[in-house]
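The listed protein sequences correspond, in order, to chains A and R. Numbering of the first sequence is given in my numbering, commencing with residue 18 and proceeding in unit increments. Numbering of the second sequence is given in my numbering, commencing with residue 142 and proceeding in unit increments. Even glycine gets a Cβ: it sits at the ideal position worked out from N, Cα and C. Everything numeric in this text was worked out from a predicted model, so none of it was measured. See below for the structure under consideration.
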Amino acid sequence: MQMVPDVLFSIMGFPVTNTVVATLITDIVIVALVVVVGKSIAIRPGNIQNAVEMVVDYFSEMTESTAGKNAGFIYPWVASFFLFIVISNLLAQFPGFETIRFYSTTFCGEGVPLLKAATSDLNLTLAIAVMSVVITHYLSVKHMGIKAYFTKFITLKMFPIFLFVGILELVNELTKFISFAFRLFGNIFAGEKVVMAMYDLCPIGLPLPFIGLEIMVAIIQAVVFSILTMVFMHIMTDKSH
Amino acid sequence: MEIVQKFGLETKLFLFQVVNFLFIAFVLKFFLYTPLKKIFDERKHKIAQSLQDAESAKLALANAKEEQIKILANARNSADRLTTSVKISIEEAQREASLKAKQCSQQIIQEAKDQAAVEFKNINKQIGKMSVDVSGKIISKVLSDLFTDDEKQKLMSRALEKIDEKIAN
Chain A
18 MQMVPDVLFS IMGFPVTNTV VATLITDIVI VALVVVVGKS IAIRPGNIQN
68 AVEMVVDYFS EMTESTAGKN AGFIYPWVAS FFLFIVISNL LAQFPGFETI
118 RFYSTTFCGE GVPLLKAATS DLNLTLAIAV MSVVITHYLS VKHMGIKAYF
168 TKFITLKMFP IFLFVGILEL VNELTKFISF AFRLFGNIFA GEKVVMAMYD
218 LCPIGLPLPF IGLEIMVAII QAVVFSILTM VFMHIMTDKS H
Chain R
142 MEIVQKFGLE TKLFLFQVVN FLFIAFVLKF FLYTPLKKIF DERKHKIAQS
192 LQDAESAKLA LANAKEEQIK ILANARNSAD RLTTSVKISI EEAQREASLK
242 AKQCSQQIIQ EAKDQAAVEF KNINKQIGKM SVDVSGKIIS KVLSDLFTDD
292 EKQKLMSRAL EKIDEKIAN
């Protein structure tokens, strides 16, 4: 089973893969959404503004109920993770993904898919997982101070129990991005393969329930990633934890 | 290294995705969340203002209702007072009118009585004159056969004198 995205062509040594193209399409959709909402923003919202407001307000309210006063700087990151992941996941369910082939002299025979789910590329999932962890630690240092931040991992209180707990916490922090990255990658990659297998078995009708399931997985995975990020950010920026 | 190759991990792609996400997060933060936050705050402010307005409108309505009740009570009282005074004035006017009518009728009756008395006197005078004329004619008719012209003349003048005296009395 091929887990590596296909390189379509290279620009000055940079490999443009089908997942990179999908990522760029996701960017275009997000920027278009921002432009459309930004242009017609009003107190009485239109349909698109209403939908975007619903997402932003949902995360804002949820972060506020979890993180309290820290919600102001946590929710923009949480909502950004959600919007980016959910849009790239849902775009992959559109016709054309995995089915439109790209032919080049480099590939022999049937060519490679022009578009592939952006989140089925470990480079992307790992990148956003690392970003999630790094931003969490950055916010922790910024809002608690460097001393309180290090006390979370290294402390001489009740020696050596809390020191051991601190080391465990450190390991936990290091494994966070692995769990983040592989959970998202695994779910989307597996879903994509299942839908393709159903296409191969019977292209008419059979893939439909699996596409429905994939849409659900796409939303659930985005919510899981965002909520976990929010919880970790709250834990790391709150002195009482 | 084998795992890295199997999953297609590549530094350039990884860094591209990091930069790409930071760009998207920046765009969303400054061009979507900030204006939306402003709109949320504005909306919250407007809702609070509207609720306050509604509360003051409710209060004003309650005051207006109270005022209305007061005004209605006052109007009822003045209407009652007015009705009573109108009734009283109507009764007075009726009494005055009937009194005037009575006086008027009495005056008319008195005038009629006076008129009747004057008429009666005039008629009496006329009857007297007529009876004198008739008796004169009868006497002259009767006496013409019994007395001479001189005697007739004397008698006539004496009778006329006596009648005149009677009439004068």
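Gln190/R and Lys199/R have their C-alpha atoms some 14 Å from each other. Among the residues of chain A, those whose CB is under 7 Å from the CB of Ile165/R are Asp44, Ile47, Ser97 and Phe101, following chain order. Taking 7 Å as the CB threshold, Val159/R lines the interface with chain A. At a beta-carbon threshold of 9 Å, the residues of chain A lying near Ile180/R are Ile58, Ala59, Ile60, Pro62, Gln66 and Glu70, ordered along the chain. Here Lys133/A is buried: its Cβ has 16 or more other Cβ atoms, across all protein chains shown, within 10 Å. Three or more pairs of CB atoms, one per stretch, sit closer than 8 Å, so the segment 180-197 of chain R contacts the segment 49-65 of chain A. Ala144, Ile145, Val147 and Met148: these are the residues of the segment 144-157 of chain A whose beta carbon lies less than 8 Å from some beta carbon of chain R, given in chain order.
Across the set Phe249/A, Ala235/A and Tyr92/A, the C-alpha of Ala235/A shows the shortest separation from the C-alpha of Phe202/A. Residue contact check for Leu192/R against chain A: no CB pair falls below 7 Å. In the three-state DSSP reduction, Ser285/R falls in the helix class (H, G or I).
In this chain, the alpha helix (DSSP H) harbouring Phe157/R covers Thr152 to Leu169. Burial check for Leu225/A: the Cβ neighbour count within 10 Å stays below 16, so the residue is exposed. Look at Pro32/A here: in three-state DSSP terms it is strand. Counting along the chain, the unbroken alpha helix (DSSP H) around Met253/A starts and ends at Pro224 to Thr254. One finds Gly30, Phe31 and Pro32 in chain A with Cβ atoms closer than 8 Å to the Cβ of Lys153/R, taken in chain order. Proximity of the segment 264-271 of chain R to the segment 285-292 of chain R falls short of the contact definition, fewer than three beta-carbon pairs being nearer than 8 Å. For a cut-off of 8 Å, the C-beta gap from Ala96/A to Phe76/A is around 4 Å, short enough to register as a contact.
Contact between Ala135/A and Thr43/A holds: CB atoms are separated by about 6 Å, below the 8 Å threshold. Between Phe206/A and Ser137/A, the CB-CB gap stays under 7 Å. As a beta-bridge residue in DSSP terms, Ser27/A pairs with Pro32/A.
Where Gly128/A is concerned, there is no enclosing alpha helix (DSSP H), because DSSP gives it neither an H nor an E.
If only uninterrupted alpha helix (DSSP H) runs of at least 4 residues are considered, those enclosed by the segment 55-133 of chain A are 64-84 and 88-108.
Annotated three-state conformation of Lys169/A is coil, per DSSP. Val72/A and Leu100/A do touch by the CB rule: their CB atoms are close to 7 Å apart, below 8 Å. By the rule that beta-carbons nearer than 7 Å mark a contact, Phe162/R touches chain A. Using a C-beta cut-off of 8 Å, the segment 292-299 of chain R makes contact with the segment 269-284 of chain R, since at least three inter-stretch Cβ pairs fall below that distance. For Asn204/A, the enclosing alpha helix (DSSP H) begins and ends at Ile178 to Leu218. In the DSSP assignment, Thr153/A falls within the alpha helix (DSSP H) that extends over Leu139 to Met161. Across the set Gly63/A, Ala84/A, Phe90/A and Met20/A, the C-alpha of Phe90/A shows the shortest separation from the C-alpha of Phe171/R. Contact check between the segment 33-41 of chain A and the segment 149-162 of chain R: three or more CB pairs, one atom from each, fall below 8 Å, which counts as touching. 7 Å or more divides the Cβ of Leu245/A from the Cβ of Ala198/A.
Separation of the CB atoms of Phe114/A and Gly128/A is rounded to 15 Å, and the pair is thereby denied contact status at 8 Å. With fewer than 16 other Cβ atoms from the protein chains shown falling within 10 Å of its own Cβ, Thr152/R counts as exposed.
Assigned with DSSP and collapsed to three states, Gly269/R falls in helix.
Taking C-beta atoms as the reference points, Phe148/R and Met213/A fail to come closer than 7 Å.
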